[in-house]
């Protein structure tokens with residue numbers, strides 16, 4: 002581990018190799034997170050994951066259902082329905098998913114600190130202060 006507390010790529014690979022294999026449910030959840038990275042905010046080309054809007058994702062294999070907690074940048078976000086529809090549409094394209102339940106939560110409160118660093122860099126390149 003480096004002095005800053007970050008691990009190198011080689012260390013990360015070694016840790017991943019030493020970890021137990023994913024359960025089938027964990028594998029589906031991992032795919033769901035990747036799918037959510039393809040859902041962009043309708044106003045700026047940043048994913049809902051990159052913006053930090055996704056609070057949690059849980060997969061229920063017995064019902065082929067996804068329970069998702071989602072927050073927004075503000076209570077009056079005009080794109081709420083669009084974002085929820087886009088999330089449902091994308092996740093229902095996954096082979097193990099038939100049902101998507103979205104709960105909008107306001108705790109934790111969304112702040113700019115929830116924006117991922119890669120999304121922040123994209124926003125800066127677009128001239129958006131992040």
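In the working numbering, the protein residues as written are 2 to 131. Backbone N, C-alpha and C define an ideal beta-carbon position, used for all residues, glycine too. If you're wondering where the values come from, they're calculated on a predicted model, not measured in any experiment.
Query raised in the report: What is the rounded straight-line gap between the Cα of residue 91 and the Cα of residue 62?
Result: So the two alpha carbons sit approximately 18 Å from each other.
**Report entry** Exposed unless 16 or more other CB atoms sit within 10 angstroms - verdict on residue 124
**Finding:** Of the residues assessed, residue 124 falls on the buried side of the cut-off, its CB having 16 or more other CB atoms within 10 angstroms.
Query - One or two residues paired with residue 91 in a DSSP bridge - result: Paired residues: none, contrary to the question.
Requested in this report: Consider the C-beta atom of residue 106 and the heavy atoms of the ligand HEM; say whether any pair is separated by less than 8 Å.
Outcome: Annotation note on the ligand HEM: not contained in the displayed structure, which lists no ligands.
Report task. Going by DSSP, name the residue or residues bridged to residue 61. Result -> According to DSSP, residue 61 bridges with 66.
Requested in this report: Taking 8 Å as the threshold, find out whether the segment 31-38 comes into contact with the segment 7-17 through three or more Cβ pairs.
Outcome: In this structure the segment 31-38 does not lie against the segment 7-17, because fewer than three pairs of beta carbons, one per stretch, are closer than 8 Å.
Query - Simplified DSSP assignment, three categories, for residue 103 - result: DSSP places residue 103 in strand when its eight states are reduced to three.
Query - Cutoff 8 Å; reference residue 39; Cβ partners in own chain excluding five residues on either side - result: Answer for residue 39: 48 and 91, listed in chain order.
**Report entry** DSSP-derived helix/strand/coil call for residue 30
**Finding:** Residue 30: helix per DSSP, three-state reduction.
**Report entry** Length of the line joining the Cα atoms of residue 104 and residue 70
**Finding:** Residue 104 and residue 70 have their C-alpha atoms roughly 5 Å apart.
Query raised in the report: What are the residues that DSSP puts in a beta bridge with residue 71?
Result: BP columns for residue 71 point to 55 and 105.
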